[in-house]
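Here is the structure we will look at.
Here it is, written out as structure tokens:
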């Protein structure tokens, strides 16, 4: 770290302690409301203590979750291939990450290494995307600082189970990926990923005849579980650009950026 | 002072990034130095009386005088020879400030101060006293690796929590000492080192696959 970095925002107005504010802006002195209360002051009721939102819309953040082996990393690679030339794109991965994964994205996804950040999850991939999102938020922010404004950040979860979902404090929309080889009963089992994800991807449809999976059963069960939420079928061996997923993302990005 | 506020700050479920840090335990497990509950007990004890002691002293001092955060931050840099551990400490300090900013109005403390400094500053903002900040620091220095031990080694969680209960009086003692030294110059504050944690952290940072950030 550069020696000047860590104190660079000393004077940021949002970091001001109430006691540092101009006396006219300050809440009255310590006071209590009842016999059990310690003396305290309130943050200024008229002042939002949170940093202001950027005027330009920040990058759209899309979480990609799903069980181990369902094809999340392959989908991320396909999306990088499809969208990398059109959108300013970066990826945060929570998967147990090796240089092979990086090479996989580099080879297949035309995404330079500086656009990928890996986050360690302490054996708890669901915690890092749901209960304690701080490492992921830091990674997203660091990418934006290093690369400048971005249109899209894909946050890939570590392979987990059917109950893992992303916090809305981390992402704007989430995609849940299951594969036909995991069994055609997966949509019926439900779980928050299947029932509530903004897009359900049923992946590896090319394997269906080999594993005896009935796609019509999966389609019917997904509709029953998800109501009006969309579900797409995908085979990355036949559609290397993950067209239905890439189109869904393009629509979301377009809706955020004023023409 | 509100004891319930202290519990909020010291709760392992506080979303401040701690779950992804093993406090050096992942390296100790990988090298075979920690295998059993008894090994974990010795590891936690060693960590408490080195890293925990220093963290408690700096958290207490930062709580007493949040405006001294930069000087204390430099003092912790000097006490943390491993660049990987400095990075881990700053990452956790940054994450704690992020979580705390949503709960209390915070004064300036930089973008990513060392974790004990952030903890002291946050404790002051929450109107806790230096002894409370110190006990949260000491306690936190062992609860993180204890949880990591359960996850990495599949140990009996009751046995591991019994270790934490056994260390509680030591945490209290360390916190009381820390609170008594808040007026000491930074150079006079505790500087207990744990060379194996430093070396282990540097090795850990080179691994291709790791489950914990530190």
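Chains as they are written, first to last, in my numbering: chain A, 20 to 278; chain B, 452 to 665.
Where a beta carbon is used, it is the ideal one built from N, C-alpha and C, also for glycine.
Quick one: what's got a C-beta closer than 8 Å to residue i's C-beta in the same chain, skipping five residues either side?
i	result
residue 209(A)	181, 244
residue 618(B)	495, 496, 499, 593
residue 722(B)	Residue 722(B) falls outside the range modelled here, since chain B spans only 452 to 665, and no answer is possible.
residue 161(A)	136
residue 234(A)	199, 203, 221, 224, 227, 252
residue 282(A)	This structure cannot settle anything about residue 282(A), because the visible part of chain A is limited to 20 through 278.
residue 166(A)	107, 109, 133, 134
How close, in whole Å, do the beta carbons of residue i and residue j come, if the pair is a contact with beta carbons under 8 Å?
i	j	result
residue 470(B)	residue 151(A)	5 Å
residue 472(B)	residue 539(B)	6 Å
residue 571(B)	residue 511(B)	7 Å
residue 491(B)	residue 614(B)	6 Å
residue 459(B)	residue 509(B)	The Cβ separation is near 21 Å, so there is no contact.
residue 625(B)	residue 507(B)	5 Å
residue 171(A)	residue 79(A)	5 Å
residue 124(A)	residue 95(A)	7 Å
From the DSSP output, in three-state form, read off residue i for me.
i	result
residue 105(A)	coil
residue 112(A)	strand
residue 172(A)	strand
residue 149(A)	helix
residue 233(A)	coil
residue 84(A)	strand
residue 79(A)	strand
residue 42(A)	Any reading at residue 42(A) needs caution, since the residue's pLDDT is 41, under 50, leaving its predicted position unreliable; the model's value is listed next. If DSSP states are grouped into helix, strand and coil, residue 42(A) belongs with the helices.
residue 667(B)	One cannot answer for residue 667(B) here, as it falls past the ends of chain B, which runs 452 to 665.
residue 269(A)	helix
residue 92(A)	helix
residue 123(A)	helix
residue 251(A)	strand
residue 179(A)	strand
residue 241(A)	helix
residue 137(A)	strand
residue 494(B)	helix
residue 275(A)	helix
residue 482(B)	coil
residue 263(A)	helix
Rounding to the nearest angstrom, what Cα-Cα distance links residue i and residue j in this structure?
i	j	result
residue 578(B)	residue 556(B)	11 Å
residue 466(B)	residue 623(B)	24 Å
residue 476(B)	residue 560(B)	29 Å
residue 528(B)	residue 641(B)	13 Å
residue 597(B)	residue 140(A)	16 Å
residue 156(A)	residue 189(A)	7 Å
residue 658(B)	residue 213(A)	35 Å
residue 84(A)	residue 177(A)	7 Å
residue 290(A)	residue 663(B)	Limits of chain A in this structure are 20 at one end and 278 at the other, which puts residue 290(A) out of reach.
residue 93(A)	residue 108(A)	16 Å
residue 455(B)	residue 255(A)	52 Å
residue 211(A)	residue 607(B)	30 Å
residue 612(B)	residue 91(A)	36 Å
residue 521(B)	residue 531(B)	15 Å
residue 272(A)	residue 142(A)	32 Å
residue 168(A)	residue 609(B)	48 Å
residue 279(A)	residue 82(A)	In the structure as shown, chain A begins at 20 and stops at 278. Residue 279(A) is therefore absent and cannot be evaluated.
residue 247(A)	residue 193(A)	15 Å
residue 262(A)	residue 524(B)	50 Å
residue 249(A)	residue 238(A)	11 Å
residue 549(B)	residue 587(B)	18 Å
residue 185(A)	residue 632(B)	44 Å
residue 463(B)	residue 201(A)	34 Å
residue 581(B)	residue 269(A)	52 Å
residue 105(A)	residue 173(A)	15 Å
residue 486(B)	residue 258(A)	48 Å
Leaving out the 5 sequence neighbours to the left and right, which residues in its chain are closer than 6 Å to residue i when beta-carbon positions are compared?
i	result
residue 112(A)	137, 175
residue 563(B)	541, 544, 545
residue 205(A)	197
residue 145(A)	179, 183
residue 648(B)	475
residue 526(B)	637
residue 501(B)	643, 645
residue 503(B)	589, 592
residue 585(B)	507, 510, 511, 626, 629, 630
Could you pull out every residue in the same chain whose Cβ sits closer than 7 Å to the Cβ of residue i, ignoring the five residues on either side in sequence?
i	result
residue 265(A)	98, 101, 102
residue 147(A)	113, 138, 140, 154, 155
residue 653(B)	533, 535
residue 547(B)	467, 566, 569, 570, 573
residue 87(A)	178
Checklist entry - Residue ranges of each beta strand (DSSP E) run of no fewer than 3 residues wholly in the segment 581 to 642 of chain B, ordered along the chain? => result none
Item to check | Any beta strand (DSSP E) of 3 or more consecutive residues that is wholly inside the segment 189 to 224 of chain A | outcome: Counting only unbroken stretches of 3 or more residues, the beta strand (DSSP E) elements lying wholly within the segment 189 to 224 of chain A are 192 to 198, 218 to 222, in sequence order.
Item to check | Every unbroken alpha helix (DSSP H) within the segment 508 to 560 of chain B, with a cutoff of 4 residues, ordered by chain | outcome: 520 to 530, 534 to 552
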